[in-house]
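Residue numbers (this note's numbering): 66 to 332.
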């Protein structure tokens, strides 16, 4: 559980490096999460982001909603990947997710296609000049760690004139399963655009799993085991711990609620 104030979890870069090895051509990063609130538009239209996960692939909520068609129960969510090939680039897309519900997200990269799955849809776009994960991130060493729920401090982005453009703050809600894989999982669209998608209800570990956190430790735990067997133990900071019971609307039988019921019953 993350309270949105200053708690987060970290996998130190100095000990573990990047989650996705250099020269990986195909990969999947996926997460189940339950947002209890979202970012607010800052002063002077400053963009605020609530970080869900961040490293070579990242997810989060954003107050910049111009690319999202929201209703009153939804939040705008971004998915981003750092890639390279003939050029280096960052691909990012924004989609709608549900507040106070379980949501599924995945970035699936294969053969130069960036696929962003969100609940029961998948959006594909193509960038032919990139074909693999970025081997190195152009950022300060302290921001190369794998972060969950927020950075170690509020992240500020400024332009060359020193004007603040955005700030990255903390996620408020539940993050209940994260998996990284060195393979493009799931059936992908044949063409650019949006198609239906059937997300998995559980993440299992196999030979393609780079890291898997199910956060199924006893309530109050602040060390989160990597079920892949690769030793990527996440460290909870400033009160980031597992919770005992999840808040799920039992009257709603949508996919996201069903997942919440499964997770709650397994504890």
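Virtual Cβ for every residue (Gly too), placed ideally from N, Cα, C.
Please report how far the alpha carbon of residue 184 lies from the alpha carbon of residue 82, in whole angstroms.
30 Å
Under 7 Å Cβ to Cβ from residue 21, same chain only, skipping five residues before and after it: list those, please.
Residue 21 falls outside the range modelled here, since the chain spans only 66 to 332, and no answer is possible.
Does residue 273 come out as helix, strand or coil in the three-state DSSP assignment?
coil
From the DSSP output, in three-state form, read off residue 78 for me.
helix
So, using beta-carbon positions, are residue 240 and residue 76 closer together than 9 Å?
no
Is there contact between the segment 166-175 and the segment 140-151, where contact requires at least three CB pairs shorter than 8 Å?
yes
Less than 9 Å between the beta carbons of residue 87 and residue 201, yes or no?
yes
List in chain order: all unbroken beta strand (DSSP E) runs of 3+ residues lying wholly within the segment 246-291.
258-261, 274-278
Where the beta strand (DSSP E) through residue 178 begins and ends
178-183
Cross-strand partners of residue 155 (DSSP beta bridge):
147
Do residue 195 and residue 153 come within 9 Å of each other at the CB atom, strictly closer than that value?
yes
Which word fits residue 304, buried or exposed, when buried means at least 16 other C-beta atoms lie within 10 angstroms of its C-beta?
exposed
Beta-carbon separation of residue 235 and residue 71 under 9 Å?
yes
Alpha carbons only, please: which of 159, 267, 285 is nearest the one belonging to residue 278?
267
Contacting residues, own chain, Cβ-Cβ under 8 Å from residue 258 (five flanking each side not counted):
188, 189
Of all the options 186, 307, 156, which has the alpha carbon lying nearest to the alpha carbon of residue 179?
156
Taking just the CA atoms, how far does residue 176 sit from residue 261?
20 Å
Rounded Cβ spacing between residue 121 and residue 198 (contact assumed at less than 8 Å):
5 Å
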